[in-house]
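*Asks:* If you count the sequence shown from 1, position 321 lands on 913 in the working numbering, and the numbers rise without skipping.
Handing you this structure, nothing more for now.
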Amino acid sequence: MTFRDREKKRLEPLKESLFSPTACQPGFYPRKRRSYCLHEDKAAENLHELIRDEALRYFAKRRIGWHDGYNNAPSNHLCCSQSCCVNFWFPFVRAPRELASVLQDVGYDVDVVLPFTADEPLKGGEHSCVAFEWIGERNYLDERARGRVASDDERTRGANFTSLDFAIRFRRSDGRIQIVAGEWKYTEQYPNNKSKRHSRKTDRLDQIYRSHLQAPDCQIKSGLVEHDALFFDPFDQLMRQQLLCSAMERGGEMDADIVSLLHVAPKANTELMNRITSPKLEAFGDTIHTVWSKLTEPGRFKGLYVEDLLASVCRNAPKSETARYLRHRYESIA
């Protein structure tokens, strides 16, 4: 039984204690009703009630699509990675001190969390401490729409362009400003030996990413591996996100001196973490985090397990109800 199947089985009996009676009815996904999904009319309940309304407003105002969402709400699948990410991080959008403690717990040198000023303000006028589905202020990577390089304004957050599931900005004890750009995984898994180098009529290496991979300040080390070895998910995603970090750092986005990537995933999801999908990367390690750490410059990548993050998030949650919810829903991941 895969991790995904175990999570479905684990979460089904928790539905009645987490969701409304209507939401507990089997949900339509994608072609029939399934017991491990919420009723599609109540998909918004995939977000905890303390953050639900504001999170929905945040995504709607920025025209961020929900993956497999229903009626401007998240997916109704209980194993939705995007909902999981929002449930963990959205409680901290107005809680810089508590968020700083979480980051310190997982190894970051944080003096003070700073507002994410490049994002639109929250209701009330203040800027969030966490941005979601961030794509950078500019189209640094020259990514395309309708067969041409897209302008900055026509890009969409969360779809069709390299997006960061979450991003946090802070000042370090040495006075330098750092942005941590985050990728969040839950039950995902990817096939071996399936290259994404070519998409329709586009050679994504030669026509889009090679020049960025060859940049002298690229955070992906030069000469360790052929570039075409990077075009296998999840490494293709990590490559693009690391290139975006490189470009944001180069451009000094929001006065950042350092922009680094944080990859968060369950250790229990061995189908994801222990499967090295690119044959030419197998020699670099037996987990995604080990491989990618060897391919990137020091201080620019960190791998973190959800199981380790959960304890700190619950300990520092701004509201005790948030901690109880996260423990009840996610603590039994195994």
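Even for Gly, the Cβ is constructed at its ideal location relative to N, Cα and C.
Here the structure is a predicted model, which is why all the values come from computation and not from measurement.
1. Tell me the residue span of the beta strand (DSSP E) that contains residue 757.
2. By a C-beta neighbour count over all protein chains shown, 10 Å radius and 16 as the cutoff for buried, is residue 898 buried or exposed?
3. Check whether the Cβ atoms of residue 708 and residue 693 lie closer than 7 Å to each other.
4. Comparing C-alpha positions only, which one of 627, 622 and 764 sits nearest to residue 614?
5. Quick check: residue 821 and residue 872, are their CB atoms within less than 7 Å of each other?
6. With a cut-off of 8 Å, do at least 3 Cβ pairs link the region 910-925 to the region 700-714?
7. Taking DSSP as the reference, what is the three-state secondary structure of residue 775?
8. Does the count of Cβ pairs from the region 842-854 and the region 884-904 closer than 8 Å reach three?
9. Extract the residue ranges of the alpha helix (DSSP H) inside the region 856-903, only unbroken runs of 4 or more that lie entirely within it.
10. Taking only three categories from DSSP, how would you classify residue 769?
11. What would DSSP say about residue 667, mapped onto helix, strand or coil?
12. Would you tell me roughly how many angstroms separate the C-alpha atoms of residue 635 and residue 826, rounded to the nearest one?
13. On a CA-only basis, which of 648, 640, 669 and 768 is nearest residue 617? Give me that one, please.
14. Decide yes or no for the touch test of the region 683-693 against the region 731-742: beta carbon pairs closer than 8 Å, at least 3 of them.
15. Classify residue 663: buried if its beta carbon has 16 or more other beta carbons within 10 angstroms, exposed otherwise.
16. Which residues in the same chain have their Cβ closer than 7 Å to the Cβ of residue 811, if we skip the five residues on either side of it in sequence?
17. Do the CB positions of residue 599 and residue 779 come within less than 7 Å of each other?
18. Measuring only the C-alpha atoms, how far is residue 744 from residue 727?
19. Taking C-alpha atoms, which residue in 828, 601, 640 and 803 lies nearest to residue 916?
20. Do you know how far the Cα of residue 711 is from the Cα of residue 577?
21. Per DSSP, residue 794 is paired with what?
*Replies:* For this structure:
1. To locate residue 757, count along the sequence shown from 1; it is residue 165. Note, residue 757: beta strand (DSSP E), 756-763.
2. Along the sequence shown, one-based indexing puts residue 898 at 306. When all chains shown are included, residue 898 counts as buried.
3. Translated into the one-based positions of the sequence shown, residue 708 becomes position 116. Translated into the one-based positions of the sequence shown, residue 693 becomes position 101. No; because the gap between Cβ atoms is not below 7 Å, this pair is not in contact.
4. What you label residue 614 is simply residue 22 of the sequence shown in a count that begins at 1. Residue 627 is the option with its Cα nearest to residue 614.
5. Mapped onto the sequence shown, residue 821 falls at position 229. Mapped onto the sequence shown, residue 872 falls at position 280. Yes, they are a contact pair.
6. no
7. For the purposes of this step, residue 775 is taken as residue 183 along the sequence shown, with counting starting at 1. Strand at residue 775.
8. yes
9. 862-865 and 880-887
10. The residue you call residue 769 lines up with position 177 of the sequence shown. Here residue 769 sits in strand by DSSP.
11. Counting from 1 along the sequence shown, the entry for residue 667 is found at position 75. Here residue 667 sits in coil by DSSP.
12. One-based indexing of the sequence shown puts residue 635 at position 43. One-based indexing of the sequence shown puts residue 826 at position 234. So the two alpha carbons sit approximately 27 Å from each other.
13. In the sequence shown, counting from the first residue as 1, residue 617 sits at position 25. Nearest option by C-alpha distance: 669.
14. no
15. Within the sequence shown, the letter at position 71 stands for residue 663. Exposed is the call here.
16. On the sequence shown, position 219 is the one that residue 811 refers to. Around residue 811: 834, 837, 838, 888, 889 and 892.
17. What you label residue 599 is simply residue 7 of the sequence shown in a count that begins at 1. What you label residue 779 is simply residue 187 of the sequence shown in a count that begins at 1. It is a contact, given that the beta carbons lie within the stated cut-off.
18. If you number the sequence shown from 1, residue 744 lands on position 152. If you number the sequence shown from 1, residue 727 lands on position 135. Rounded to the nearest angstrom, the two C-alpha atoms are 10 Å apart.
19. By one-based count along the sequence shown, residue 916 stands at place 324. The option with the nearest alpha carbon to residue 916 is 640.
20. Missing from the structure shown is residue 577; the chain here goes from 593 to 926 and no further.
21. Reading the sequence shown from its first residue, position 202 is the one you call residue 794. DSSP, once it has assigned bridges, lists 791 as partnering residue 794.
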